[in-house]
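Some notes on the structure that comes next.
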Amino acid sequence: MIYFNLSEKQDVKIIQVALNGLENILKVGESDARATGAVNRYAVMIEECYGLDKIEFLQSHENMDIYKKVFDMIEQYFSDEEEDTNVAPSIDPAAPQQFQFNPQQPADFNF
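Using my numbering, read the sequence shown as starting at 47 and increasing by one per residue.
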């Protein structure tokens with residue numbers, strides 16, 4: 047696994063070249079994923095080594111080209127559309143409720 051450290055202090059050109067290389071790797075992974083019906087293994091590897099955190103950090107970069115590049119990469123390779131459907135559970139009004147409260151308590155109390 048290649049470790050990359052992209053910080054705001056580095057030269058803009060260096061960051062752009064690193065992002066272009068990273069995007070090319072992700073494109074290959076996306077192509078492989080479509081061909082095999084699997085997930086983009088390179089995107090998974092980047093997430094596992096906390097590379098996505100570093101990429102997201104660059105969204106606050108002062109250079110707008112870097113910001114746009116990073117935003118597009120995150121949207122294309124790391125956003126999961128299915129994740130949004132699971133945010134709030136759906137409720138079936140016909141189904142019985144899971145929690146039932148019994149407001150009537152026994153008259154006598156024993157320890």
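Virtual Cβ for every residue (Gly too), placed ideally from N, Cα, C. Everything numeric in this text was worked out from a predicted model, so none of it was measured.
- request: Measure the alpha-carbon distance for residue 126 versus residue 57 and round it to whole angstroms.
  value: For residue 126 and residue 57, the distance between alpha carbons rounds to 31 Å.
field: First and last residue of the uninterrupted alpha helix (DSSP H) at residue 70
entry: 58–82
- prompt: Would residue 116 be called buried (16 or more neighbouring beta carbons within 10 Å of its own) or exposed?
  reply: The residue in question, residue 116, is buried, as its Cβ has 16 or more Cβ neighbours within 10 Å.
query: If you count every other CB in all the chains shown that lies within 10 Å of the CB of residue 70, and 16 or more means buried, which is it?
result: exposed
- request: Round the Cβ separation of residue 123 and residue 86 to the nearest angstrom and send it over; I've been treating them as touching at under 8 Å.
  value: Contact flag correct, Cβ pair sits at about 6 Å.
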